[in-house]
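Take a look at the structure below.
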Amino acid sequence: MALAVCLALSVAGRLTSIPPPGAPFSPMTYNSTVYDAFAAKSCLNPIRLETNPFAKSNGTAPHPPLGPDAVCGVKYAGGGRRDYRLVSYESIEAAEADGSFVTHGTQCGACSTLHDLGMFMKYPDLTFAVQQCSWNNFAIIDQVTECIREAVGLSLPCAEMFSWDSFNSLFKCMDICVLDMLEGTPNNLPPDNRLNDCLQCDEDHSGAVFRYYAGRSRPSSGLNCSVIRPQVFRIIHDYY
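Residue numbers (this note's numbering): 31 to 270.
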């Protein structure tokens, strides 16, 4: 669907282009003009975790403090659209009332920067790159992090989050994932597009914690994904 058509479907008067309930929506693919513009912006308050969030989680994420409708907003500083701050809000309406553009569903986290949005747009298959970095460096966190940054250009906080996620998944799911990798099992399986055993194991042991602390994911950002997910946040990124 062309960007112009998508924008026509957004709710009139909204700061963020979000299709109204019931309107058709398909995750978009963005070109280099868009993702390069987002990647070049400067976040004034990036979120970096000091410790591995999986170490004491037992696979369970904390309760979202802002509730189930929380969103992450981008609030540009000054008159231009270069510098910005990330702000978490309890709803789309609260974000827009404060003059922020909604950038993804759920509260802000380590991957919420617009640089990371640009990289998510540029590289549609982060799963493969992260798996390769993890296996090639056998989950040595600093090396995996650097590999991810070189492979798909993520910010340091976001690459660390992916590294911790891959380490946790290797620890919990190694036997399953080795088998799926050797057999070349696709990410989703017929007839209902369920996750393969490796990805399901990752979802069970790491998914909730990753989404809570990373903030941005492909589904929460309304982006196409190499792994089919049942819920995708409805949003069009036109605020670059």
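A virtual CB, placed ideally from N, CA and C, is assigned to each residue, including glycine.
Bear in mind that the values here come from a model prediction, so they are computed numbers and not experimental data.
On a Cα-Cα basis, can you pick out the residue from the options that is closest to residue i?
i	options	result
P92	S251, L79 and Y243	Y243
E120	Q162, H134 and I266	H134
Y153	F263, Y60, P54 and H267	Y60
A100	Y114, H235 and V132	V132
A140	W165, R246 and E126	R246
G97	T136, P76 and V104	T136
C138	A125, V117 and M149	V117
M149	H235, S236, V64 and G52	V64
T157	T175, F55 and V257	V257
G214	L200, L229 and D222	L229
Spatial neighbours of residue i within its chain, please: CB distance less than 6 Å, with the 5 preceding and 5 following residues excluded, ordered by chain position.
i	result
C231	C203 and I206
T175	A189, E190 and S193
S142	C102, L116, G245 and R246
From the DSSP output, in three-state form, read off residue i for me.
i	result
F150	helix
F131	strand
C4	The shown model of the chain, from 31 to 270, leaves out residue 4, and the question about it has no answer.
S196	helix
V257	coil
K105	strand
V160	helix
S250	helix
R241	helix
Quick check on the burial criterion: 16 or more other C-beta atoms within 10 angstroms. Buried or exposed for residue i?
i	result
L212	exposed
R179	buried
T90	exposed
P146	Reading the sequence as shown, one finds Asp at residue 146 and not Pro. Buried, because 16 or more other Cβ atoms sit within 10 Å of the Cβ of D146.
R78	exposed
D210	buried
Within the same chain, show all residues whose beta-carbon is closer than 8 Å to that of residue i, passing over the 5 residues directly before and after it, in chain order.
i	result
R111	K71, Y269 and Y270
N254	P57, M58, T59, P154 and R248
Within a Cβ cutoff of 7 Å, which residues of the same chain sit near residue i, ignoring the five residues on either side of it in sequence?
i	result
N75	R115 and L116
V239	P83, F84, S87, G89 and A91
Note to self: Quick test of the definition: if touching needs 3 or more C-beta pairs under 8 Å, does the region 191-198 touch the region 66-86?
What the structure shows: yes
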